[in-house]
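2 protein chains.
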Amino acid sequence: MRERAIPEATVARLPLYLRSLVDMTERGMQTISSEGLAEAAGVNSAKVRKDLSYLGSYGTRGVGYDVEYLIYQISRELGLTQDWNCVIVGVGNLGRALANYRGFGERGFRVSALVDIDETKIGKPVDSMVVEDFADLERIVKEREISIGIVATTAAAAQDAADRLVSAGVKSILNFAPTVLQVPDDVSLRKVDLSIELQILSFYEQRKSALETVRRGKRLTASASKSTRP
Amino acid sequence: MRERAIPEATVARLPLYLRSLVDMTERGMQTISSEGLAEAAGVNSAKVRKDLSYLGSYGTRGVGYDVEYLIYQISRELGLTQDWNCVIVGVGNLGRALANYRGFGERGFRVSALVDIDETKIGKPVDSMVVEDFADLERIVKEREISIGIVATTAAAAQDAADRLVSAGVKSILNFAPTVLQVPDDVSLRKVDLSIELQILSFYEQRKSALETVRRGKRLTASASKSTRP
DNA sequence: GGCCGTTTGTGATTGCGCTCACAAGCGCCT
DNA sequence: AGGCGCTTGTGAGCGCAATCACAAACGGCC
Numbered sequence: 001m002r003e004r005a006i007p008e009a010t011v012a013r014l015p016l017y018l019r020s021l022v023d024m025t026e027r028g029m030q031t032i033s034s035e036g037l038a039e040a041a042g043v044n045s046a047k048v049r050k051d052l053s054y055l056g057s058y059g060t061r062g063v064g065y066d067v068e069y070l071i072y073q074i075s076r077e078l079g080l081t082q083d084w085n086c087v088i089v090g091v092g093n094l095g096r097a098l099a100n101y102r103g104f105g106e107r108g109f110r111v112s113a114l115v116d117i118d119e120t121k122i123g124k125p126v127d128s129m130v131v132e133d134f135a136d137l138e139r140i141v142k143e144r145e146i147s148i149g150i151v152a153t154t155a156a157a158a159q160d161a162a163d164r165l166v167s168a169g170v171k172s173i174l175n176f177a178p179t180v181l182q183v184p185d186d187v188s189l190r191k192v193d194l195s196i197e198l199q200i201l202s203f204y205e206q207r208k209s210a211l212e213t214v215r216r217g218k219r220l221t222a223s224a225s226k227s228t229r230p
Numbered sequence: 231m232r233e234r235a236i237p238e239a240t241v242a243r244l245p246l247y248l249r250s251l252v253d254m255t256e257r258g259m260q261t262i263s264s265e266g267l268a269e270a271a272g273v274n275s276a277k278v279r280k281d282l283s284y285l286g287s288y289g290t291r292g293v294g295y296d297v298e299y300l301i302y303q304i305s306r307e308l309g310l311t312q313d314w315n316c317v318i319v320g321v322g323n324l325g326r327a328l329a330n331y332r333g334f335g336e337r338g339f340r341v342s343a344l345v346d347i348d349e350t351k352i353g354k355p356v357d358s359m360v361v362e363d364f365a366d367l368e369r370i371v372k373e374r375e376i377s378i379g380i381v382a383t384t385a386a387a388a389q390d391a392a393d394r395l396v397s398a399g400v401k402s403i404l405n406f407a408p409t410v411l412q413v414p415d416d417v418s419l420r421k422v423d424l425s426i427e428l429q430i431l432s433f434y435e436q437r438k439s440a441l442e443t444v445r446r447g448k449r450l451t452a453s454a455s456k457s458t459r460p
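Protein chains in written order, with this note's numbering: chain A, 1 to 230; chain B, 231 to 460.
1) How would you label G217(A), buried or exposed, when you count the other beta carbons within 10 angstroms and need 16 or more for buried?
2) Can you give me the start and stop residues for the alpha helix (DSSP H) that V48(A) sits inside?
3) Mapping the DSSP letters down to three states, classify A440(B) as helix, strand or coil.
4) I think L198(A) touches F339(B), with their Cβ atoms under 8 Å apart; what is that distance to the nearest whole Å?
5) Is there a C-beta anywhere in chain A that falls below 8 Å from the one on Y288(B)?
6) Where do the N-terminal and C-terminal ends of the beta strand (DSSP E) with R420(B) fall, by residue?
7) Between the Cα of D116(A) and the Cα atoms of G92(A), E106(A) and R139(A), which residue gives the shortest distance?
8) Pull up the distance between the alpha-carbon of F203(A) and that of G309(B), whole angstroms please.
9) The segment 400-419 of chain B: which residues have C-beta closer than 7 Å to a C-beta of chain A, in chain order?
10) Would V410(B) and A41(A) be called neighbours here (beta carbons separated by less than 8 Å)?
11) Rounded to a whole number of angstroms, what is the C-alpha to C-alpha distance between I6(A) and L441(B)?
12) If you count every other CB in all the chains shown that lies within 10 Å of the CB of E26(A), and 16 or more means buried, which is it?
13) Using C-beta distances below 6 Å, list every residue in its chain close to S358(B), excluding the 5 sequence neighbours before and after it, in chain order.
14) Assuming A407(B) and V444(B) form a contact by the criterion Cβ under 8 Å, report the distance between their Cβ atoms to the nearest whole angstrom.
15) Would you tell me roughly how many angstroms separate the C-alpha atoms of A38(A) and V48(A), rounded to the nearest one?
16) Decide if D51(A) is buried, meaning its Cβ has at least 16 other Cβ atoms within 10 Å, or exposed.
17) Counting only runs of 3+ residues fully inside the segment 372-440 of chain B, write out the beta strand (DSSP E) ranges in chain order.
18) Does any residue of chain A bring its CB to less than 8 Å from the CB of K438(B)?
19) Compare the beta carbon distance of E77(A) and L14(A) with 8 Å and say whether it is the shorter of the two.
20) Which word fits Y252(A), buried or exposed, when buried means at least 16 other C-beta atoms lie within 10 angstroms of its C-beta?
21) Just tell me which of R291(B), C316(B), M259(B) and I352(B) has its CA closest to the CA of I301(B).
22) Answer yes or no: do I378(B) and E362(B) have a C-beta to C-beta separation smaller than 8 Å?
23) At a CB-CB cut-off below 7 Å, which residues of chain A make contact with Q461(B)?
24) Is the beta carbon of K372(B) closer than 8 Å to that of E205(A)?
25) So, with DSSP's three-state summary, where would you put I236(B)?
Next comes the structure, spelled out in structure tokens:
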């Protein structure tokens, strides 16, 4: 298990473990078992052990994992031992909220620029920064060694924003705009879509109500038809 | 394939198809092939066909799918033919941005209440609404028939917010706070975690740089060591 | 030093989702 | 009416991820 190939699913969980581990040091814990970490991260212990085994054998049998050491190893694997410069493209409601969000900085993600295409916004201050011109994106990215682009524009403007980021050399994009972006294969793209999440919840919520109705129906008629269609 | 059991992965893609289809009606398209829809949604056509087949046989061979009809069927399946009332718990940066976000309303999600625990915020207006007291959550949820709770508090306050939502009868929760929430089995929980997404990007970004370094190294030394450990 | 309880690391197995590939079905054109 | 090109719907196969289950390894205690 020493070949470099961490499964995607594992990569997505490492930040979760990391956060739980940081909480634990703050509570003064020295070691943690896979069982304990599993509970904190909301997964099962076998998954934790398998995930961590991809990084190496950092646990001690009969004892558990050293919290500090594990934090270091996961941080290293995730590339968090260095700082990453980010640019937020689009300073609307969401862009402003992201700019103000303190959660980024604490893990080494520095918002180094805010850009917008709207002239009325350019030059205005937002969270101890000044909004710059989208037209200057290439220059800004190169000058400040920005490696991550955060797209917080409208759906209509998002593809253009992404194209410009790509041509400026950005290889990682986080998309908040409600649209599907096309990027070259060598660019990593992740998306966060608020309204899609609500729609997924809606599906399960509706199914619950439907189930409830069926159950009530059964109680009344004492016989349920097997198919909804003849 | 007529038994009610739509795979989770399919449910997560239906909103994506829905959005593409709505775009298409706006451009005046009457029918669309699985190939065309696949391109718009950024997936492959076999997946589209299989996903849609779980809803029923709504396509016409040799022609494609009727856009309007498919919109109706997906909306119905996702429970979007009715409106859903939501409450946003926590009116900080993110909560305010979510309250102002126009993307929710357009798909039948109505933000019916904003609550916070901070007395200095209670009573103040935010986006044509007034922030209410978190203490009144149960009453608000029942009076306005709220079925979806959006947690936008700090990590520390999030579990309490979730507990109160659950005890008020909310069965669907969308969590934006950077922490793992515990909820009963019959409550649907989804999470959106901004900094985790960045950390995942960081992993792949680092791997790219590492690969680049190795490649450069090879060019220089014309021989690469196989293992990093002795 | 040997034994015992605990916890890791990992082969084996299961399950789910994705992709392939093609028969079946539809409209159109001649 | 028959043939042709196109597109759907779906069984079959495959691969990744989750889970299971247990041998191996460790610390502590007698």
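Even glycine gets a Cβ: it sits at the ideal position worked out from N, Cα and C.
Let me lay it out:
1) With fewer than 16 neighbouring CB atoms inside 10 Å of its own CB, G217(A) falls in the exposed class.
2) Segment S45 to S53, the alpha helix (DSSP H) holding V48(A).
3) Helix.
4) Confirmed, about 5 Å.
5) With a threshold of 8 Å between beta carbons, Y288(B) makes no contact with chain A.
6) Its beta strand (DSSP E) spans residues S418 to K421.
7) Distance from the Cα of D116(A) is smallest, within the candidate group G92(A), E106(A) and R139(A), for G92(A).
8) The straight-line gap from Cα to Cα measures roughly 6 Å.
9) When C-beta distances to chain A are compared with 7 Å, the residues of the segment 400-419 of chain B below that value are K401, S402, L404, P408, V410 and S418, in chain order.
10) The answer is yes: Cβ separation under 8 Å.
11) So the alpha carbons of these two residues sit roughly 15 Å apart.
12) Counting Cβ neighbours within 10 Å, E26(A) comes out exposed, since fewer than 16 surround it.
13) Excluding sequence neighbours, S358(B) sits near nothing in its chain.
14) Contact check for A407(B) and V444(B): beta-carbon distance about 39 Å, past the 8 Å limit, so the pair fails to qualify.
15) Each residue's Cα considered, the two are about 6 Å apart.
16) Counting of Cβ neighbours within 10 angstroms places D51(A) among the buried residues, the total reaching 16 or more.
17) Qualifying beta strand (DSSP E) stretches, in chain order: 376-381, 402-405 and 418-421.
18) Yes - at least one Cβ of chain A is within 8 Å of the one on K438(B).
19) Contact: yes.
20) This structure gives no information on residue 252(A), because the portion of chain A shown stretches from 1 to 230.
21) Selected option, being the one with the closest Cα: M259(B).
22) Cβ distance not < 8 Å, so I378(B) and E362(B) don't count as in contact.
23) The structure shown does not extend to residue 461(B), since chain B spans only 231 to 460, so no value can be given for it.
24) Not closer than 8 Å, so no.
25) DSSP, read as helix, strand or coil, puts I236(B) in coil.
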